[in-house]
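So in our numbering, spot 150 of the sequence shown is number 223, and the numbers just go up one at a time.
Virtual Cβ for every residue (Gly too), placed ideally from N, Cα, C.
Here the structure comes first, spelled out in structure tokens, and everything after it is commentary.
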Amino acid sequence: EEYGQISQDESLENYSKIELKEFRRADKLPPIKRKAEEETVGGGGLGPLANKRMKSDFDDIAAPDQADVKQPVSEKEVERKFKWQIAHCVRSCLDTYYPGTEKYVQGNKALSKDDYSSLARQYINQFKKEIKTEYIARNGSIQGIALTPEWTVKVIATVTEALKNR
74 EEYGQISQDE SLENYSKIEL KEFRRADKLP PIKRKAEEET VGGGGLGPLA NKRMKSDFDD
134 IAAPDQADVK QPVSEKEVER KFKWQIAHCV RSCLDTYYPG TEKYVQGNKA LSKDDYSSLA
194 RQYINQFKKE IKTEYIARNG SIQGIALTPE WTVKVIATVT EALKNR
């Protein structure tokens with residue numbers, strides 16, 4: 074267990090990101106400087122452990138893979154994530170009126186499954202269109218669109234008010 078420990082004078086600065094990435098790909102660790110007493114174990118080396126991979130503090134560190142580097146996002150993907158944000162907000166409001174959910178509030182007029190689905194669809198599409206139109210008018214495209222705290226408050230207030238008046 075202690076053979077995998079790295080002495081305190083060793084740091085990642087000794088290795089470039091490319092070297093660390095190659096070590097990770099080859100499932101190897103960078104060379105480890107052992108403490109003096111550890112180097113003498115087994116007749117001056119690691120003996121039968123010499124060829125075994127040792128656990129170290131470097132096991133969870135590697136240079137980012139290409140998948141980790143942010144790629145340009147398509148408009149379709151941006152719109153899908155934006156719609157999901159709105160849907161999450163609308164459904165959170167509707168859940169307070171739908172029995173069987175953790176958020177259901179006793180005393181609220183219960184929604185049927187069909188009512189829940191149709192109201193969710195209605196409000197999601199309404200707010201998606203409204204926010205998207207406003208965002209494009211200000212920014213020229215939908216890149217970077219997100220449900221802001223101001224819009225979140227407006228969505229919650231609109232849905233809650235409509236449900237109270239049902």
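- DSSP places residue 201 within a helical segment (H, G or I) once states are collapsed to three.
- Shown here for residue 225: same chain residues with a beta carbon closer than 8 Å to its own, the five before and five after excluded, namely 162 in chain order.
- Along the length of the segment 179-235, whole alpha helix (DSSP H) runs at least 4 residues long occupy 186-212, reported in chain order.
- Three or more Cβ pairs drawn from the segment 165-184 and the segment 221-239 lie within less than 8 Å of each other, which places the two stretches in contact.
- A distance below 7 Å between beta-carbons, with the five flanking residues on each side excluded, links residue 233 to the following residues of its chain, in chain order: 166.
- Per DSSP, the continuous alpha helix (DSSP H) segment holding residue 164 begins and ends at 148-168.
- In this structure, the beta-carbon distance from residue 160 to residue 170 does not fall below 9 Å.
- Distance check between residue 220 and each of 155, 146, 147 places 155 closest, using alpha-carbon atoms only.
- Here residue 237 carries a helix assignment [DSSP, helix/strand/coil].
- Between residue 239 and residue 149, the alpha-carbon positions lie close to 35 Å from each other.
- By the Cβ-count criterion, residue 186 is exposed, with fewer than 16 other Cβ atoms from all chains shown falling within 10 Å of its own Cβ.
- With 16 or more other Cβ atoms inside 10 Å of its own Cβ, residue 158 counts as buried.
- When the five nearest sequence neighbours on each side are left out, the beta carbons in the same chain lying within less than 7 Å of the beta carbon of residue 181 are those of 169, 170, in order along the chain.
- In this structure, residue 208 places its C-beta atom within 9 Å of the C-beta atom of residue 218.
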